[in-house]
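Data block below; observations after.
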Amino acid sequence: MSAASEAIIYSKKICMLGTFGVGKTSLVRRFVHRLFDDTYLSTIGVQIYKKEIADLNSAKGRPLGVNLVIWDLANIESLTPATRTHFNGASAAIVVFDLTRPETFDLKQIHLRTFLEVNPGAQVIFVGNKTDLMAEGPDEKALVAIAGEYDAHHFLTSAKDGSNVDEMFQALAANVIS
Amino acid sequence: MAETKSENLHRLRRLMLAADEARVAELERALVRLSDRISDTDDWLEMLDPVIADALANKISESKEEMAEALAPVMGPALKHQIEEAKDDIADALYPVIGRTIRRSIAESMKQLVKTVNDKVDKALSFQSLFRKMKSKVAGVSAGELALAESLPLTVHEVFLIHKQSGILLNHVSSQANGESSDQEIIGGMLTAIRDFAKTAFQSGQELSNIRYEDLQIYLEDGRHAYLAVVCTGVANDEFLARLKLTERRVHSQFYRSLRNFDGDVAAFQASRIGMAKLLHDFGTDNEPGSGARRVPIWPAVVLLLLAAGAAFYYTGLADKTIAWFRARPAQPAPLAVDAAVLAAELTERLQGKVTSDLAGIRFVVDGQTLALEGQASSAEERIVIGHTVANLSPARIILNNLNVAAFPLHQAEARLRSLRVQFAADSGDLAPGEMHKLREVVTIMKTYDIPTIYLTGHTDGSGNEALNLQLSRNRAEKVRQHFIENGIAADQIVIAGLGASEPLGNNATPEGQQLNRRVEFSLNTKDTGDNRDNE
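And the structure:
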């Protein structure tokens, strides 16, 4: 393979933020392993996943890809010094809310401000998850308002049926290498 | 008469049926008792308890496979359920068994170790043993300790280079042909999470340096921006630990800039593989004692040769002198002799006026044979210049350049840019001598702070006519612009202007004032430039 056609691959650390039970782990498992597990398994500490996204777009005529190293953090509500260190060096955060539980939209609980203090300039994507449980269609007003406040993208997803999950991660990957 | 007849019939009936009636009553009572026991699970278990063990034992002895097949589908879920229900009970129940199992395993390992050590001792007259005894005398370590270290040789299996802050894997080498897999990325992250957890949980301020997992050990060599994680088995010796440290330092020295400005581009660390692979090679499976590479049967010839040489050595009296020399010789090289005050004075003398860094604030730390520089340099270029100068001035063979490049807030960076006026030769677009380092610093600041646009304003002294001065001032700004483009700043980030002699800084009546006026200034703000500007 000539140097001109060799892919440029970046590795980027991504943190999953959100209160318990919003579907952080399910979203990552759906994206990385194409799986959805109904049983709720509270993540202990941190779980790390990796997924490569290739052919994002070209740079100087060379294909461009990114390895997303995804840190799925648990117990984010009780921020400890150890939890805070998990934020170090992240290029982006995926903030996940449960559309069926308005109380999960409380940003103070997930310490987004701290995350951005540790990683100034990091990208943020807001995600309203569990659209499959919204019989009358999702109400995205709150999500739009929060995303607007941070001038960030937002997505409505379902880890259960997979809708919009790939699109969300693809958009994030494009953002972190732009 | 009738009554008498009835009584007689009753008596006859009692005589004939009494026994049967009593038996029926007894059976009814037994039936009630049995019915009660059937509805009571505890009672059932009590009833079956004496026989169930025998029944199972008989069945298992008759057909183990059938029993295993019958029980297999329920055993897993049953165990899982029971563990979830009563973790402590299960732990209590298994504890004595696990303890015995571990003891047995350790005993087996120790037996093997003892056998290996005995084999070494049995070969007490071997060349290897004689060499070990000599080595023990010279190094001041017991022969038994050396034999033990040889019995548990160190073997490096994998080496990871991991970005300290993000946990992203920068490079990885493995002794396994198929050692590359996506799991390595996850291992890098998990090791970083564990290190961070240990550091914060115990608030020790110290980095985790060693993790044990069964017979595997992971040695972690911490660096400023990255760390090495080496997975190995056996006993690590001083040589290995020193090499590990040296490898980490070389990685930092070679890739300092890429590490400091790491943006996820791991390809920048491709060349670090060479040093990591060398570590793997020198302490890898190929070098285990007893491996094919060391089994070349030339030792008998070597022994004969050494015996002959040894005899001559002994009988000429050289042996005593040599042993005395070995004993008198210090085990470790003498610590590096560096007089920090003298070195600081020499450094200041060499670089005074050539750099803007605070030379007086630089500290010199001696660690064995290594001299480390601590403090701040005002730019990445000055950091290198200071490091090279110290290397020339000091006797240290290893210089560890730990100088930080000062990173100020944006407003301070802007103030710094304003202060960095570059001066020019008279009537010329050429920089005055010694001004180039300022341009390098401006480029560094722009890249560090991701500054979108910089404004360059050229000036002249008061000599010459206005039109020529305007052109000359613009030429000077253009000269600086070209330098910036050559050093990675995009053309559309640079706006230039020429203001001629309209904004003097110094008195044009004196040579010093004129020199001050022949300049290009830098700004992040369009208000600071004149109207005569463009970015073409």
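Residue numbers (the working numbering), protein chains in the order written: chain R, 17 to 194; chain C, 764 to 1299.
Idealized CB from N, CA, C, for every residue including glycine.
If you're wondering where the values come from, they're calculated on a predicted model, not measured in any experiment.
Less than 8 Å between the CB atoms is what I'm expecting for residue i and residue j, so what's the real figure, rounded?
| i | j | result |
| --- | --- | --- |
| E921 (chain C) | V994 (chain C) | 4 Å |
| A1030 (chain C) | I25 (chain R) | 7 Å |
| T120 (chain R) | V181 (chain R) | Contact flag wrong, Cβ pair sits at about 18 Å. |
| L128 (chain R) | I30 (chain R) | That belief does not hold up - the Cβ atoms of L128 (chain R) and I30 (chain R) are roughly 14 Å apart, past 8 Å. |
| R1281 (chain C) | T1211 (chain C) | That belief does not hold up - the Cβ atoms of R1281 (chain C) and T1211 (chain C) are roughly 28 Å apart, past 8 Å. |
| T99 (chain R) | I92 (chain R) | 7 Å |
| I1125 (chain C) | I1149 (chain C) | 7 Å |
Using the beta-carbon count (16 or more within 10 Å), is residue i buried or exposed?
| i | result |
| --- | --- |
| Y976 (chain C) | exposed |
| A108 (chain R) | buried |
| L932 (chain C) | buried |
| M838 (chain C) | exposed |
| N1164 (chain C) | buried |
| Q186 (chain R) | exposed |
| A992 (chain C) | buried |
| M1199 (chain C) | exposed |
| K768 (chain C) | exposed |
| V1197 (chain C) | The identity of residue 1197 (chain C) in the sequence shown is Gly, whereas the question assumes Val. With fewer than 16 Cβ atoms within 10 Å of its Cβ, G1197 (chain C) is classed as exposed. |
| A1240 (chain C) | buried |
| H1174 (chain C) | exposed |
| K1117 (chain C) | exposed |
| A1230 (chain C) | exposed |
| H935 (chain C) | buried |
| G1221 (chain C) | buried |
| Q845 (chain C) | exposed |
| A1264 (chain C) | buried |
| N135 (chain R) | buried |
| M1209 (chain C) | buried |
| L1287 (chain C) | buried |
| R50 (chain R) | exposed |
Can you tell which of the options has its C-alpha closest to the C-alpha of residue i?
| i | options | result |
| --- | --- | --- |
| A1040 (chain C) | C:D855, C:T1010, C:E829 and C:D1026 | C:T1010 |
| G34 (chain R) | R:D167, R:N180 and R:K124 | R:K124 |
| E1177 (chain C) | C:E825, C:R958 and C:F1285 | C:F1285 |
| S1016 (chain C) | C:H1151, C:S1226, C:P840 and C:E1249 | C:H1151 |
| N145 (chain R) | R:D177, R:N135, R:Y166 and R:G164 | R:D177 |
| N1250 (chain C) | C:A1272, C:R1281, C:T1207 and C:N1238 | C:T1207 |
| A961 (chain C) | C:N973, C:G951 and C:I950 | C:N973 |
| G952 (chain C) | C:D978, C:Q939, C:T963 and C:I925 | C:I925 |
| E1002 (chain C) | C:D946, C:D1026 and C:T918 | C:T918 |
| L1262 (chain C) | C:G1269, C:S1236 and C:G1276 | C:S1236 |
| Y990 (chain C) | C:Y1019, C:T963, C:N1000 and C:T996 | C:Y1019 |
| R1179 (chain C) | C:D817, C:L1194, C:V1168 and C:E1204 | C:E1204 |
| L1007 (chain C) | C:Y982, C:E784 and C:Q1115 | C:Y982 |
| D959 (chain C) | R:A175, R:A190 and R:G61 | R:G61 |
| I1248 (chain C) | C:I1217, C:N1167 and C:R1146 | C:I1217 |
| G1227 (chain C) | C:V1148, C:M810 and C:S1191 | C:S1191 |
| T1273 (chain C) | C:L1287, C:G1225 and C:E1266 | C:G1225 |
| I69 (chain R) | R:K28, R:N104 and R:S94 | R:K28 |
| S1141 (chain C) | C:S1120, C:P1158 and C:V1128 | C:S1120 |
| N1271 (chain C) | C:L778, C:N1238 and C:A1189 | C:A1189 |
| A1260 (chain C) | C:V1243, C:L1268 and C:A1100 | C:V1243 |
Any idea what DSSP makes of residue i, helix, strand or coil?
| i | result |
| --- | --- |
| D1049 (chain C) | Annotation note: pLDDT 49 at D1049 (chain C) (below 50); position unreliable, no value reported. |
| E68 (chain R) | strand |
| V181 (chain R) | helix |
| A1272 (chain C) | coil |
| T918 (chain C) | strand |
| V1029 (chain C) | helix |
| F1076 (chain C) | Bear in mind that a pLDDT of 47 at F1076 (chain C), under 50, signals an unreliable position, so the model cannot answer this. |
| Y166 (chain R) | coil |
| M1039 (chain C) | helix |
| A1107 (chain C) | helix |
| H1015 (chain C) | helix |
| R117 (chain R) | coil |
| K29 (chain R) | strand |
| N83 (chain R) | strand |
| T1207 (chain C) | helix |
| P1063 (chain C) | Confidence at P1063 (chain C) is low in this model, with a pLDDT of 49, below 50, so the placement of that residue is unreliable and no value is reported for it. |
| R50 (chain R) | coil |
| G1261 (chain C) | strand |
| I957 (chain C) | helix |
| D88 (chain R) | strand |
| T99 (chain R) | helix |
Residue i: beta carbon under 8 Å from a heavy atom of the ligand GDP?
| i | result |
| --- | --- |
| A1100 (chain C) | As for the ligand GDP, it is missing from this structure, which has no ligand bound. |
Alpha helix (DSSP H) runs contained entirely in the region 1127-1198 of chain C, provided each spans 4 or more residues: 1143-1156 and 1173-1182
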